[in-house]
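Read through the structure below, which is laid out as structure tokens, and then see the notes.
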DNA sequence: GATGAATGAGAATTCATTCAT
DNA sequence: TATGAATGAATTCTCATTCAT
């Protein structure tokens, strides 16, 4: 399996660094090869083309993202706690990998539309975690069942994504994980004051 | 003022069409010039460079977006109604301009990081509308004051943005404006069932 | 018309020189551009791609080849004289343009098979001259009518082509035009001694 | 002797097939290796480089061409019969190996100029057969002695070569061997009607 | 202002060849 | 001998931008 070969990982790691530093378009394949200590041509033994490197970085990282996040969540019982953990892990993992955060929030979006579709497919596994939490919450009577699950998931992911992008664009000057509680509050209880809801 | 000159609008409109159809990178300046019925060189009498076209499309469209949206909102009194109107107008305006939606949700994101900063600046006027609604809501005691206004705005914008992007990527197969109520509900009351909040 | 623009001819002439000197594959487009005193990109305003330069060189030169040869031939009356003139002109024109001879006899053959087909099409006008001579000769009772005209043409062209290629490969060390009479004799009377034929 | 080793022949045969099918330039060494069921590197134990494969194919095939042709010819006595047999064998052997015909008539010509010289050397043994026939014919008084032997040979070979190339490019749609008699007639008696010669 | 012919920088990718095993 | 993973040189072509008219 190609991802077992050591050079594969070498190239992936080099790519994250180089792309975060220079942006995708300014990241020449030769630059990535150099940082990975392989020949230019070697890249093409592992990746179809330059875009495939980007996709693969995302796939690879998303894979561990998913398993780590799932691991953390299953230690929680209620949907509320699970959501809290999801938010925390999302922020935590990106905050711990600023290079990766730059790649996912900025560089990955610069790809061609067709690529975006592939990216979305890879994202599905991750979004499924949200869906699972929501489903449990609905069954437990914790989460409202009068609204489309997909819509709820879009709010959650859209909110997290926007907050991370803002944080990246503000040059990561503040703690992202500190936002966890506020965001959890907002997502679960909404903008409006409860009394007013009655 | 340059935007009064007839060819300026011609080029802007041509650019929206060409970019929506081909994507930003595949939209050669010469293609835009052709569709606008001007010479290639003429583009550069109105725009600094190719990116400036993209920015200007966004600025131009955002300008009218902002004034139309503000117009609609001021007819409402409560923060809740205003937010509802904001959501509706956001969806409505993009749904009425599918080409523009493609440009804002997909193509505009493909720009270089430095450009994204400029885009964010243009966006500020639009985001200010959200902030104004939130401020009023807080003052009126309608909206919670225990959470950072910026955070709330990020949730609102992030949610809208994600829902529109999903809609564009799903090839606009369903009605976006129909989502207005659900999204308003979700944003204001949150995911969780009110009873559970106590 | 593009071939009227001065740069077109400039590039064609530069290409003949560069290709004759270096061979087609070793003739970088940039080298041709430099010799033609135009920018690399300018080449592509006049030619589809590198192969198109080669084709165009051939087309252009063949065009004048055809008209000059036709002009010379029409001053002759008998098929025999016309054939003699054809042979002479073929040798004379290539001997006067050693660079062109290298291109037609060696470099042009190195092109991809699909290209060879296009080359053959261009050649048709030239081969038609032979056919015209043969037809006249047959009608005049000068040339045998018991053999396929195409076959006769293949002998004539094949013989001329082979003699020129040999001359090019022997580094043009002898006079090609001096061969005219012998070749004419051979082609018209054959290898065998007439007496023996009876 | 390297040509005794089994993989040598394997590679040669694979090369003929691959080159005939794809053309020389599109015939990657790895493709030839795959078809020959050897590793890429193995090729280089038998051949200096990719061109050497092409040359060796030609050398190998030409070798058997020469011996088969010589064998057939020595059964004939007169120069006329020998020439007839030579023409027949030339056509027959290429018509029986369409792949080889493609390689000799089209692909082999696409090689670099230096290579063409080496090819010509290999060809010499074959051309010598023609020279031998001509020499005998001259001594026997069958063939004219007023014309350079080399020139006569060029006519013969040029004619055969052109007819075969035409046949290959016309996708081998007609019988090549059927041409034998006409070509023999033409070469020996010439284009012109005998009566006219006097 | 308007034109559009000319410019020229810039980088992904292939594939013949090598060499450690 | 045989392998095949790794190498890295080498070049076309595009297209945003300019500037003489």
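Residue numbers (our numbering), protein chains in the order written: chain U, 1 to 198; chain P, 1001 to 1198; chain B, 2001 to 2198; chain Z, 3001 to 3198. Glycine is no exception: its CB is placed at the ideal position from the N, C-alpha and C atoms. As the structure is a computational prediction, the values presented were derived from the model and not from experiment.
Taking 8 Å as the cut-off, the Cβ atoms of residue 2116 (chain B) and residue 3193 (chain Z) do not count as close.
For residue 125 (chain U), no CB of chain P lies under 8 Å from its own CB, so it is not counted at the interface with that chain. With the rule of 3 Cβ pairs closer than 8 Å, the stretch 3109–3124 of chain Z counts as touching the stretch 3041–3057 of chain Z. Among the residues of the stretch 1162–1187 of chain P, those with a Cβ less than 9 Å away from any Cβ of chain U are 1162, 1163, 1165, 1166, 1169, 1179, 1182, 1183, 1185, 1186 and 1187, in the order of the chain. With contacts defined as CB atoms closer than 8 Å, residue 110 (chain U) and residue 1110 (chain P) qualify as a contacting pair. The beta carbon of residue 3193 (chain Z) sits closer than 8 Å to some beta carbon of chain B. At least one beta carbon of chain B lies nearer than 8 Å to the beta carbon of residue 3148 (chain Z). Between residue 2094 (chain B) and residue 2101 (chain B), the C-beta gap is smaller than 8 Å, which places the two residues in contact.
Given a length threshold of 3 residues, the stretch 2049–2086 of chain B has no whole run of the beta strand (DSSP E) inside it. Sequence-distant Cβ neighbours of residue 2168 (chain B) in its own chain, meaning closer than 7 Å and more than five residues away, are 2101, 2102, 2105 and 2106. The Cβ of residue 151 (chain U) sits closer than 8 Å to at least one Cβ of chain P. Within chain Z, not a single residue places a beta-carbon under 8 Å from that of residue 2104 (chain B); the smallest gap is close to 12 Å. Fewer than three beta-carbon pairs drawn from the stretch 118–130 of chain U and the stretch 1002–1016 of chain P are found closer than 8 Å, and the two stretches are therefore not classed as touching. Against chain P, a Cβ distance below 8 Å from residue 120 (chain U) picks out 1169. Of the residues assessed, residue 2133 (chain B) falls on the buried side of the cut-off, its CB having 16 or more other CB atoms within 10 angstroms. By the Cβ rule, the stretch 1018–1025 of chain P does not count as touching the stretch 158–174 of chain U, because fewer than three pairs are nearer than 8 Å.
Given a length threshold of 4 residues, each whole run of the alpha helix (DSSP H) inside the stretch 110–167 of chain U is given here in chain order: 113–139.
Any Cβ of chain B closer than 8 Å to the Cβ of residue 3053 (chain Z) would place that residue at the interface, and such an atom is absent.
The stretch 3086–3093 of chain Z makes contact with the stretch 3067–3074 of chain Z; the number of CB pairs closer than 8 Å reaches 3 or more. Three or more beta-carbon pairs separated by less than 8 Å are not found between the stretch 1175–1185 of chain P and the stretch 1024–1042 of chain P, which leaves the two stretches without contact. If you look at residue 3097 (chain Z), you'll find it isn't in any alpha helix (DSSP H); DSSP assigns it neither H nor E. Counting along the chain, the unbroken alpha helix (DSSP H) around residue 18 (chain U) starts and ends at 6–22. Scanning P:1130, P:1190, P:1077 and P:1043 for the CA closest to the CA of residue 1140 (chain P) turns up P:1077. A straight-line Cα-Cα distance of about 23 Å links residue 3121 (chain Z) and residue 3023 (chain Z). For residue 40 (chain U), the number of other beta carbons within 10 angstroms of its own is below 16, and it is reported as exposed. Look at the stretch 2064–2089 of chain B: the residues with a C-beta under 9 Å from a C-beta of chain Z are 2079, 2080 and 2083. Excluding five sequence positions before and after residue 2073 (chain B), the CB atoms of its chain that fall closer than 8 Å to its own CB belong to 2082, 2085, 2086, 2089, 2129 and 2133, given in chain order.
A Cβ of chain B is located within less than 8 Å of the beta carbon of residue 3110 (chain Z). Take residue 2037 (chain B), set aside five residues on each side of it, and no residue of its chain has a beta-carbon closer than 6 Å to its own. Within the same chain, 2, 7, 8 and 11 come within 7 Å of residue 46 (chain U) by CB-CB distance, once the 5 residues on both sides are set aside. One thing to note: residue 1159 (chain P) has its Cβ within 8 Å of the Cβ of residue 154 (chain U). The beta carbon of residue 2136 (chain B) sits no closer than 8 Å to any beta carbon of chain Z. With its beta carbon at least 8 Å from every one in chain Z, residue 2028 (chain B) lies outside the interface. Contacts with chain Z at 8 Å (Cβ-Cβ) do not include residue 2062 (chain B). Nearest Cα to residue 164 (chain U) within the set U:96, U:135 and U:137: U:96. Residue 2189 (chain B) belongs to the set of residues whose beta carbon lies under 8 Å from a beta carbon in chain Z.
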